[in-house]
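Have a look at the structure below, then the notes.
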Amino acid sequence: MAIQKRKAKTGVEITKKAKELCNKMLKDLEASQRPVLEAVRCSLDNANYDSKLGYLTPGEKLVRSELNVSSVQKLARTVFLLEILLRNVESGAVNTKRELYYIAKGLVKGSGESLKPIDFEEQTESDSIIDFITDMLRAYREEMNCFANDRGGQTYSKQLEVTETLPDGSKAVIDLGQLGTTPFQPKNKPQSLSLRAKKRIDFCLVVESEGTANTLVSNGFTQRNNCILMGAQGVPSNGVRGWCKLIQDQLKIPIYFFGDLDAYTMQNIFRTLKAGSAASLVRNSDFSAPEVRFLGVLPEDIKKYDLYYYEVKDKDASELRALKKAKDVLNNDPFFKDKKNKKLSQILHFLIKNKIRCEQQALFSVDPKDPIMPEKIILQKIKEGSYI
Amino acid sequence: MSKITSSSTAEYFAKNLQQVGFSSPTKAVLTTLKEAVDNSLDACEENQIAPEITVIIEKIGKGGGRNTDLIRIYVEDNGPGLKPEIVPKVFGEYLASSKFGRGQCSRGQQGIGISAATTWAQLTNAAGVTVKSKTSAMRKAVEMKIDVDIKGNKGLVKAKDTIDWKDKKHGTATEFKIDGRLQLNGDGGLLTYLEGTALVNPHLTLNYKVHENDWVNIERVSDKIPSVPPPTLPHPHTMKLGEFMTHALLYGNLTLKKFLRTAFSRVSDASIQGFTKSGLKKSLLPLTMNKIKQQDFKAIFHAIQETDLMNPSTASVLTVGEEGLANSINRLGEVDFFSVVTRKPKICDFKPVVVEVAIARFLNRGREDDSIQLLRFANRVPLQFDKSSCAITRAVESVNWKSYGLSQSKNSLPQGSFVFAISVTSPFIKFKNASKETIDSSDELIEEIRRALMQAGQKLSRHIKREARAADLERKKAYIEKFGPILVEGLVGIIGASDARKKKAIKGLDVILGKDADSAEAALNKAQERLDKLKAKEGTATGSNENKSEADGEDTKVVEVKKASAKKTAKKKSKKKTSKKKK
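Residue numbers (our numbering), protein chains in the order written: chain A, 29 to 416; chain B, 101 to 683.
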């Protein structure tokens, strides 16, 4: 089956599709038939990877919710939250998941007794219904005006200019070169942003640790190099993923990721940035940057730069868990199973075999008296093509 | 070189009372009560008297030690009574027992406990025990004050009187005044002990008044007085080589063949043929025992161990019995449902053992989120301390109760408002210590207890499944009423549909969800049917049947009592009532 690139959905399209679904449900009920709601199954066992596209896409598996006494609560809650979301789409109001949880609680409270049965005790309950709705409509949460708290993505550049189209149609222009050492942090709505390079930009460097990205900037990295420097802050949020995708598509510059050499970084952070995640199969097309390269830390860097590393010990429960997961990932994750990513999977094999970790900050141990040694190594690696 | 001195048995125990259950003021009260009640029950059973025991425990002042009270423990029975001349022996001399090492399932075994209680009273309150006794041959009763002569390990009569004992034909009453502290409930509680004793002694009528609580009267629910079976001939598989050789020396003039046939249980001519097949030289069979050489004993012993024999005789093992347990359990409170399993005797660790399990859920006892109440019994005596290392506890924890519908954390006791009563009976129970608080864990014994528990668990799961189905039906019916209208209302709101469509959709919804409720109801009926079938198959409280065990295909007696019939039996035979009674 040829995989087609997804087009962003407009509010009108979403409303139309939702109403069609509701009408179909009502018709089924009128005919004493059990209505069925179907959503994409967002899990690794339903993930496909096509190296030409470069990100994880959904397979054919669906989550079906047929109306019966066990599912009637879920369906009633789905329709209830759908009504709130559609109202937001129509009015242009936005909310976080937490706010939607409280809106739902407020409506239940205001209804007297009639809506009390569907009250959400915990936010996790309303969150899972919101996810089900977006998977059912194959829409992004952001397209339904539901935004997560923006996290990560602090960006520095002397050459980049960002233009944001605001909900009222007006535009705001942000010149990152004028911000000094204050970072620009993108909103989680990449489609409202457009980028322009005031001068030539050679590359974009995404650093796993926002702290280290900040240090590089303070030490003059962006002064000396025509580049974009960004901190990912752990597992990249949708904001960071969409932002990297935008840089990749609009500026067409090489993007390098620099982070720890460990199983968690490789399978959770880098894979999510490059190819998206299994939990967000319907949105990976806009929330992943397939061109991003893994600059390091590479296994060979340990020897080449005599980097300080340490062994994963039995008491390091989370790191052992990551290594255990790595074995599973090598067998089941279509991204790592693909030939094109063989070198990345070899890193996982290396980590499983040697049970070691080398952190990005180990670059500071190479010449402790030279604060720009990490910058020199990064530039040398880019120059020599020492990346995957 | 330091001087080597000898000590009397009494001196040893006087210095080591913690070894026999007097390690704290709280335990001292329970142990004293336990020793007195055990003696009363054993005496009644030996003489085929239906026991009626009265217990009074009260604070009568301040104790001699720090943070202790002076506690009076009074236990009166209707047993045969003790002749005056043996009273000092029984209460004041250690290791003076009629039961030591004789291989019977009696509660007392060594003759230590009651003398230790006298010692504790003497050490803490400077006066031993007061004993009132009357046998049927005596016209008047005798009242004696007994101390332990610690140097000489003898009972000392401090005072002796002849008294009238109202209308008492025979019986014994013991009164201890000791330093102690009262703990009524919980694992080591006095009430837990008294209830447990009532549970495993259906033939016992028990009246008690503990501390400031009202009098409690628990009537007997069985007129059958258990007769403690006499010891049987030893089973060769229950012996070790040394024991085997010592035993053989008692039969010096018999031939080996005759010795094997007459000195053991479960050895027939066919078994002897089996021994020869396993390596016993035929030429040894006609030799008399005193002519057999030492090295031949080893070969004979090995051949016997290699040959399959019938299990040891069950005659030496006494059980409470399913019927008794089933009736007795109702005396502890209002029972919701329960099941009782009695296993056939097994050899565990070379000794015959019988395991019985009663699992009951009470209406007003325990809480859903607490651990079950575990009652452990060894030879019908409650075990109340050192729960965690006991074979019974370990067996309960090793069963996966989740599969029977109970909640349980890994390797822990399950949770719920259940009482698990597990009784291990054997002429030779291996205790971990002299105070008989914990049964030593062996793999064989744990496995045997596990099997009994799993069988009881299967019965239990039928009840729980039925309950789950009933709850499911209830939930489903409630769901239809709750969520249906909200769903339709929401759909109509989103698409702006007409009222006519709304009404039609609600009708359709009722049809769909009604079908689901019907199928839930059918599932409940099916579960109920299965439960009824099981009960019909297994008999009722008053008519036990032998059935094939589901757990492992072995013959097992299983009795399960319907709630209704249990109540009926309980009402008829037992009344647990609280009444003010003047003594």
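Glycine included, C-beta positions come from ideal geometry on N, C-alpha and C.
Item: Is the distance from the Cβ of B/Gln628 to the Cβ of B/Arg566 below 8 Å?; Value: yes
Item: Using 10 angstroms around the beta-carbon of B/Met688, count the other beta-carbons present and answer buried if the total reaches 16, otherwise exposed.; Value: The first residue shown for chain B is 101 and the last is 683, placing residue 688 of chain B beyond what the model contains.
Item: Could you give the C-beta distance for A/Ser305 and A/Lys273, rounded to a whole number, given that I count them as a contact under 8 Å?; Value: Going by Cβ atoms, the distance from A/Ser305 to A/Lys273 rounds to 14 Å, so no, they are not a contact pair.
Item: DSSP state of A/Asp159, grouped into three classes?; Value: helix
Item: Quick check on the burial criterion: 16 or more other C-beta atoms within 10 angstroms. Buried or exposed for B/Val231?; Value: buried
Item: For a quick check, are the C-beta atoms of B/Val328 and B/Glu146 less than 8 Å apart?; Value: yes
Item: Are at least three pairs of beta-carbons, each pair with one atom in the segment 370-380 of chain B and one in the segment 337-346 of chain B, less than 8 Å apart?; Value: no
Item: Please report how far the alpha carbon of A/Lys137 lies from the alpha carbon of A/Leu143, in whole angstroms.; Value: 8 Å
Item: Starting from A/Met53, find everything on chain B with Cβ-Cβ shorter than 7 Å and list it in chain order.; Value: Leu591
Item: Looking at chain A, is there any beta carbon in it that lies within less than 8 Å of the beta carbon of B/Cys448?; Value: no
Item: Quick one: which residues of the segment 615-634 of chain B get their C-beta closer than 8 Å to a C-beta of chain A? List them in chain order.; Value: Asp616, Ala617 and Ala620
Item: Measuring alpha carbon to alpha carbon, tell me which of B/Thr525, B/Arg569 and B/Lys268 ends up nearest B/Ala623.; Value: B/Arg569
Item: When the Cα atoms are used, what is the spatial distance from B/Arg320 to B/Arg562?; Value: 30 Å
Item: Count the other C-beta atoms from every protein chain shown that fall within 10 angstroms of the C-beta of B/Ile539, then say buried if there are 16 or more, exposed otherwise.; Value: buried
Item: Since B/Val248 contacts B/Gly192 with CB under 8 Å, what's their CB separation in whole angstroms?; Value: 5 Å
Item: Looking at the C-beta of A/Ser60, does it have a partner C-beta in chain B at a distance below 8 Å?; Value: yes
Item: Give me the chain B residues within the contact set of A/Ala303, using Cβ-Cβ distance strictly less than 7 Å, ordered along the chain.; Value: Within chain B, no residue comes near A/Ala303; the closest Cβ sits about 35 Å away, beyond 7 Å.
Item: Does chain B have any CB closer than 8 Å to the CB of A/Glu41?; Value: no
Item: Is any beta-carbon of chain A found at less than 8 Å from that of B/Gly424?; Value: no
Item: Alpha carbon to alpha carbon, how far is A/Ile161 from A/Val107? Give it in angstroms, no decimals.; Value: 9 Å
Item: Rounded to the nearest angstrom, how far is the Cβ of A/Arg321 from that of A/Ile283, given a contact under 8 Å?; Value: 7 Å
Item: Please state whether DSSP places B/Ser233 in a helix, a strand or coil.; Value: strand
Item: What would DSSP say about B/Lys662, mapped onto helix, strand or coil?; Value: Any reading at B/Lys662 must be qualified, since the residue scores a pLDDT of 38, below 50, and its modelled position is unreliable; no value is offered.
Item: Short of 8 Å in beta carbon distance, which residues of its chain neighbour B/His347, apart from the five on each side in sequence? Order them along the chain.; Value: Pro334, Met339 and Ala363
Item: How is B/Lys604 classed by DSSP in three states: helix, strand or coil?; Value: helix
Item: Tell me, to the nearest whole angstrom, how far the beta carbon of A/Val201 is from that of A/Leu221; I am working on the premise that it is less than 8 Å.; Value: Rounded, the Cβ-Cβ distance is 11 Å, inconsistent with contact.
Item: Would you report the Cα separation of B/Leu474 and B/Cys490, rounded to the nearest angstrom?; Value: 11 Å
Item: Helix or strand or just coil, what does DSSP make of B/Gln508?; Value: coil
Item: When the Cα of B/Leu463 is compared with those of B/Arg476, B/Thr442, B/Val435 and B/Val310, which residue comes out closest?; Value: B/Val435
Item: Between B/Ile549 and B/Ala556, what straight-line distance do the alpha-carbon atoms span, to the nearest angstrom?; Value: 11 Å
Item: Identify the contact partners of B/Tyr308 in chain A, using a Cβ-Cβ distance below 7 Å as the criterion.; Value: Result: empty, since nearest Cβ-Cβ is about 48 Å, beyond 7 Å.
Item: When you compare the CB positions of A/Thr43 and A/Val117, do they come within less than 8 Å of one another, or not?; Value: yes
Item: Does the beta-carbon distance from B/Leu130 to B/Gly288 come in below 8 Å?; Value: yes
Item: At 7 Å on the CB atoms, spell out the chain B contacts of A/Cys50, in chain order.; Value: Leu591, Ile594 and Ile595
Item: Under a Cβ-count criterion, where at least 16 other Cβ atoms within 10 Å of its own Cβ denotes burial, should B/Leu349 be classed as buried or exposed?; Value: exposed
Item: Across which residues does DSSP place A/Arg385 in a beta bridge pair?; Value: A/Tyr338
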